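J.: Going by our numbering, the first residue of the sequence shown is number 2, and it counts up by one from there.
The following block contains the structure, expressed as structure tokens.
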Amino acid sequence: MPNSVRKVNVIGHLNPDTDSICAAISYAYLKNQLDHSTVYEARRAGAVNRETGYALKHFGFEEPRLITSVRPQLKDLSLSETAGIDAETSLFVAWNLMREEGVGTLPITDGKRMLQGVIAVQDVANANMDILDRESLGAARTPYVNLLDTLQGTMIVGDPAGYVEGGQVCVGTTPKAMAGVVKPGDTVLVTNRFKAQAFALEQGAGCLIVCCEADVTDPIKKLAEDRGAVIIGTPYDTYAAARLVTMALPVRAKMLPADKTESFSMNTAVEEAQKVMASTGHRFFPVSDEDGRYFTLIASGDLVNPQKKNVILVDHAEVSQMVDGMDEAEILEVIDHHRVGTLETPGPIFYRLQPVGCTCTIIYEMFQENGIEIPANIAGLMMSAILSDTLCFRSPTCTPRDEYVGKELAKICGEDPDTYSDAMFDAGADLEGRTAEEVFNSDFKIFSRGNVSFGVGQGSYMTENSRKAGEELLAPYFETAAKVKDVPMIFYMFTDIKSQTTEMLYWGEGAEHLCARAFDVEATDGMAVLPGVVSRKKQVIPAMMNTLAKLEVEEQ
Numbered sequence: 002m003p004n005s006v007r008k009v010n011v012i013g014h015l016n017p018d019t020d021s022i023c024a025a026i027s028y029a030y031l032k033n034q035l036d037h038s039t040v041y042e043a044r045r046a047g048a049v050n051r052e053t054g055y056a057l058k059h060f061g062f063e064e065p066r067l068i069t070s071v072r073p074q075l076k077d078l079s080l081s082e083t084a085g086i087d088a089e090t091s092l093f094v095a096w097n098l099m100r101e102e103g104v105g106t107l108p109i110t111d112g113k114r115m116l117q118g119v120i121a122v123q124d125v126a127n128a129n130m131d132i133l134d135r136e137s138l139g140a141a142r143t144p145y146v147n148l149l150d151t152l153q154g155t156m157i158v159g160d161p162a163g164y165v166e167g168g169q170v171c172v173g174t175t176p177k178a179m180a181g182v183v184k185p186g187d188t189v190l191v192t193n194r195f196k197a198q199a200f201a202l203e204q205g206a207g208c209l210i211v212c213c214e215a216d217v218t219d220p221i222k223k224l225a226e227d228r229g230a231v232i233i234g235t236p237y238d239t240y241a242a243a244r245l246v247t248m249a250l251p252v253r254a255k256m257l258p259a260d261k262t263e264s265f266s267m268n269t270a271v272e273e274a275q276k277v278m279a280s281t282g283h284r285f286f287p288v289s290d291e292d293g294r295y296f297t298l299i300a301s302g303d304l305v306n307p308q309k310k311n312v313i314l315v316d317h318a319e320v321s322q323m324v325d326g327m328d329e330a331e332i333l334e335v336i337d338h339h340r341v342g343t344l345e346t347p348g349p350i351f352y353r354l355q356p357v358g359c360t361c362t363i364i365y366e367m368f369q370e371n372g373i374e375i376p377a378n379i380a381g382l383m384m385s386a387i388l389s390d391t392l393c394f395r396s397p398t399c400t401p402r403d404e405y406v407g408k409e410l411a412k413i414c415g416e417d418p419d420t421y422s423d424a425m426f427d428a429g430a431d432l433e434g435r436t437a438e439e440v441f442n443s444d445f446k447i448f449s450r451g452n453v454s455f456g457v458g459q460g461s462y463m464t465e466n467s468r469k470a471g472e473e474l475l476a477p478y479f480e481t482a483a484k485v486k487d488v489p490m491i492f493y494m495f496t497d498i499k500s501q502t503t504e505m506l507y508w509g510e511g512a513e514h515l516c517a518r519a520f521d522v523e524a525t526d527g528m529a530v531l532p533g534v535v536s537r538k539k540q541v542i543p544a545m546m547n548t549l550a551k552l553e554v555e556e557q
């Protein structure tokens with residue numbers, strides 16, 4: 002396997018059954034024992050049904066994490082973590098950072114790396130060009146440390162940890178020029194003129210910025226202290242200081258807030274990010290990690306050649322049963338026991354297909370071939386899958402190998418197959434608190450032949466009462482299900498395990514004719530009784546496919 006592979010998702014089919022989930026967990030365990038350079042993770046492609054949930058809980062497993070798409074995501078790119086800047090950072094520092102790093106945008110984060118907003122070079126430029134804005138320093142409660150840093154200043158009087166508390170910015174040349182102009186709380190730029198400095202303080206200036214490194218006399222210092230004013234000295238002349246002072250603003254005053262920022266998470270699909278980028282005029286976009294914390298900035302050029310997700314498919318090879326985006330994934334292996342499906346790959350892959358009743362029977366053999374001991378809890382899951390798929394060895398899909406493997410696994414996990422399967426099937430048939438949609442999707446698959454598509458679901462029941470309850474719940478839902486699944490015909494098998502009989506309910510134009518022809522039975526009022534039919538894979542799907550093929554010939 003390529004060295005670049007970091008993680009492989011082991012996935013069963015949509016609307017997963019017990020074999021699909023248990024095979025994914027068991028095979029991921031086996032692969033992790035054989036390959037320590039890669040992480041193999043079992044995933045589920047849909048909700049876990051109650052039968053499967055019973056097996057997982059009984060043997061101490063959590064449900065695998067849900068996966069709905071394997072299209073490349075931002076986390077599949079080679080992205081490097083970058084730091085954000087604090088909201089109190091000055092525009093001056095932000096501007097210099099942009100020039101040093103060659104970027105036009107900086108993220109602003111808090112102490113927990115949560116995104117607060119972004120500041121772009123255009124925001125800094127606009128602030129610098131807004132020469133008529135005299136109130137921004139006070140309105141933003143600009144930290145004095147920002148003024149000191151931007152003006153290369155020295156705090157002559159006052160607390161560097163303080164803030165500009167209101168007022169405007171003005172230049173004080175002479176007392177006459179300042180009369181009626183300087184108001185309490187203002188920030189006033191002055192030079193070395195004693196009278197101008199004193200007058201500004203007497204008018205209530207909150208901050209004096211003394212330019213040209215001019216001396217500040219003790220009386221002026223005392224006057225400032227008495228009035229609670231601040232004095233900052235700067236080497237810049239009045240013109241330069243007046244231009245720079247706005248750049249002391251904290252970036253929070255000019256940033257685009259996070260709730261108005263186009264941003265992505267690491268789970269965002271690359272395709273989706275590309276669409277968003279193309280629809281906006283921005284160049285850089287913040288990305289958060291899976292915990293919602295800021296991670297990095299990206300541009301459109303970063304979205305080139307994302308690493309494909311690596312996938313192993315278990316218990317299916319039908320495109321219609323796969324999660325979204327499989328055409329953009331790297332399929333490494335297929336372990337299956339169904340017919341050769343519609344899957345196509347660009348190159349050769351490891352494909353193990355055996356005519357047995359359950360995928361976990363195949364996986365058991367792979368454990369044996371590789372000399373890997375099967376833990377009791379993994380054995381329990383594999384046994385559950387075999388009992389489910391073979392209806393406790395009653396199904397015509399059950400081979401002698403399935404029965405042998407199932408009983409060997411039962412020995413390892415310490416369960417009696419008959420007793421355990423009764424409890425598992427009862428759990429699966431329990432309808433209490435369940436919706437028709439939930440029950441319907443617990444085991445439903447879509448198939449196609451030529452231009453005809455149809456769906457077949459199945460529920461297995463231990464008693465007639467539970468079977469009838471299932472029929473009453475699901476039958477009214479068929480029309481809605483057909484629209485949701487976008488198939489013209491719905492078939493659902495209500496299988497009585499003990500009597501080995503299936504009552505097939507159906508819906509849709511042509512469904513009754515197909516059912517009657519496929520099974521040579523009388524189909525009326527939306528139902529056909531199929532004695533001895535318990536297997537969707539071996540008895541139902543082949544019969545329907547053959548009938549559709551005959552109908553195609555008849556129509557020619």
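Where a beta carbon is used, it is the ideal one built from N, C-alpha and C, also for glycine.
This one's a predicted model, so the numbers in the text were calculated from it and none came from an experiment.
Please name the residue, chosen from V488, A206, K196, N147, that lies closest to V217 on a Cα-to-Cα basis.
T.: Of the candidates V488, A206, K196, N147, the one whose C-alpha sits nearest the C-alpha of V217 is K196.
J.: Using the C-alpha atoms, what's the distance from S70 back to T235?
T.: For T235 and S70, the distance between alpha carbons rounds to 59 Å.
J.: Got a sec, what are the start and stop residues for the beta strand (DSSP E) N442 sits in?
T.: Looking at the DSSP string, N442 is not in any beta strand (DSSP E); the run it does join, the alpha helix (DSSP H), is 437-442.
J.: Whose C-beta lies closer than 7 Å to the C-beta of I332 among residues of the same chain, with five residues either side of it excluded?
T.: Around I332: V312, L314, T346, I350.
J.: Determine, using beta-carbon pairs with one atom in the region 259-271 and one in the region 226-233, whether at least three such pairs fall under 8 Å.
T.: Verdict: no, contact absent.
J.: Return the Cβ separation of Y493 and L506 in integer angstroms, given the expectation that the two are a contact with Cβ distance under 8 Å.
T.: About 5 Å; that satisfies the 8 Å criterion.
J.: Quick check on the burial criterion: 16 or more other C-beta atoms within 10 angstroms. Buried or exposed for T19?
T.: When all chains shown are included, T19 counts as buried.
J.: With a CB to CB cut of under 7 Å and the five nearest residues on each side skipped, what residues in its chain are close to F441?
T.: The answer, listed in chain order, is G458, L475, Y478, A482.
J.: Leaving out five residues on either side along the sequence, give the residues of the same chain with a beta carbon under 7 Å from the beta carbon of G61.
T.: N378.
J.: Please work out which residues of its chain come closer than 7 Å, Cβ to Cβ, to F445, disregarding the five sequence neighbours upstream and downstream, and give them in chain order.
T.: For F445, where only same-chain residues beyond five positions count, the Cβ hits under 7 Å are N16, G456, G458.
J.: If you reduce the DSSP assignment to three classes, tell me which class T496 lands in.
T.: It is a strand residue.
J.: By Cβ distance below 8 Å, which residues in the same chain neighbour D77 in space, the five residues on each side in sequence not counted?
T.: So the qualifying residues of the chain are V271, P307, Q308, K309, K310.
J.: Rounded to a whole number of angstroms, what is the C-alpha to C-alpha distance between R51 and A84?
T.: Roughly 46 Å separates the two Cα atoms.
J.: Hey, which unbroken runs of the alpha helix (DSSP H) at 4 residues or more fall wholly within the region 343-393?
T.: Those alpha helix (DSSP H) runs which fall completely within the region 343-393 and span 4+ residues are 360-370, 377-390.
J.: So, with DSSP's three-state summary, where would you put A529?
T.: In the structure shown, A529 sits in a strand (DSSP, three-state: E or B).
J.: Roughly how many angstroms separate the alpha carbons of A524 and V530, rounded to a whole number?
T.: In a straight line, the C-alpha of A524 is about 8 Å away from that of V530.
J.: Alpha carbon to alpha carbon, how far is G139 from E273?
T.: For G139 and E273, the distance between alpha carbons rounds to 42 Å.
J.: Is the region 239-250 close to the region 145-152, with three or more CB pairs under 8 Å?
T.: With the cut-off at 8 Å, the region 239-250 and the region 145-152 touch.
J.: With DSSP run on the structure shown, which of helix, strand or coil describes L152?
T.: L152 falls in the coil class under three-state DSSP.
J.: So, at 8 Å on beta carbons, what are the nonlocal neighbours of E416 in its own chain, with the 5 sequence-adjacent residues on each side left out?
T.: Within the same chain, E416 has close Cβ partners G381, M384.
J.: Rounded to the nearest angstrom, how far is the Cβ of L1 from that of I498, given a contact under 8 Å?
T.: The first residue shown for the chain is 2 and the last is 557, placing residue 1 beyond what the model contains.
J.: Got a sec, what are the start and stop residues for the alpha helix (DSSP H) A550 sits in?
T.: Per DSSP, A550 belongs to the alpha helix (DSSP H) from 542-556.
J.: I believe A43 touches A25 by the beta-carbon criterion, under 8 Å. Please report the beta-carbon distance rounded to the nearest angstrom.
T.: Right, the Cβ-Cβ distance comes to about 4 Å (below 8 Å), so this counts as a contact.
J.: Start and end of the beta strand (DSSP E) containing E472?
T.: Per DSSP, E472 belongs to no beta strand (DSSP E); it is in the alpha helix (DSSP H), 465-475.
J.: In whole angstroms, give me the CA-to-CA distance for V146 and G13.
T.: About 59 Å.
J.: Leaving out five residues before and five after T110 in sequence, what residues of the same chain have Cβ atoms less than 7 Å from its Cβ?
T.: Result list for T110: G85, L116, Q117, Y295, in chain order.
J.: Where are the beta strand (DSSP E) runs, 3 residues long or more, that stay fully inside the region 240-306, in chain order?
T.: With a minimum length of 3 residues, the continuous beta strand (DSSP E) runs that stay inside the region 240-306 are 286-289, 295-299.
J.: Bridge partners for T503 per DSSP, in chain order?
T.: T503 pairs with T496, L531.
J.: Tell me whether R7 is buried or exposed, calling it buried when 16 or more other Cβ atoms sit within 10 Å of its Cβ.
T.: With fewer than 16 other Cβ atoms within 10 Å, it is exposed.
J.: Taking buried to mean at least 16 other C-beta atoms within 10 Å of its own C-beta, is Y405 buried or exposed?
T.: Exposed is the call here.
J.: Quick one: measure Cβ to Cβ for T192 and G207, integer angstroms, because I've assumed they're closer than 8 Å.
T.: That pair is no contact at about 19 Å.
J.: Report the three-state DSSP secondary structure of F426 (helix, strand or coil).
T.: Of the three classes helix, strand and coil, the one that applies to F426 here is helix, per DSSP.
J.: Could you give the DSSP three-state label for T398: helix, strand or coil?
T.: T398 falls in the coil class under three-state DSSP.
J.: Note down, in chain order, each residue of its chain lying with its Cβ closer than 7 Å to the Cβ of D526, except the 5 sequence neighbours on either side.
T.: Taken in chain order, the list of residues that qualify is empty.
J.: Given this structure, state the Cα-to-Cα distance separating Q540 from F520, to the nearest angstrom.
T.: Roughly 9 Å separates the two Cα atoms.
J.: Just to confirm, are G509 and P532 a CB contact at a threshold of 8 Å?
T.: Cβ atoms of G509 and P532: not closer than 8 Å.
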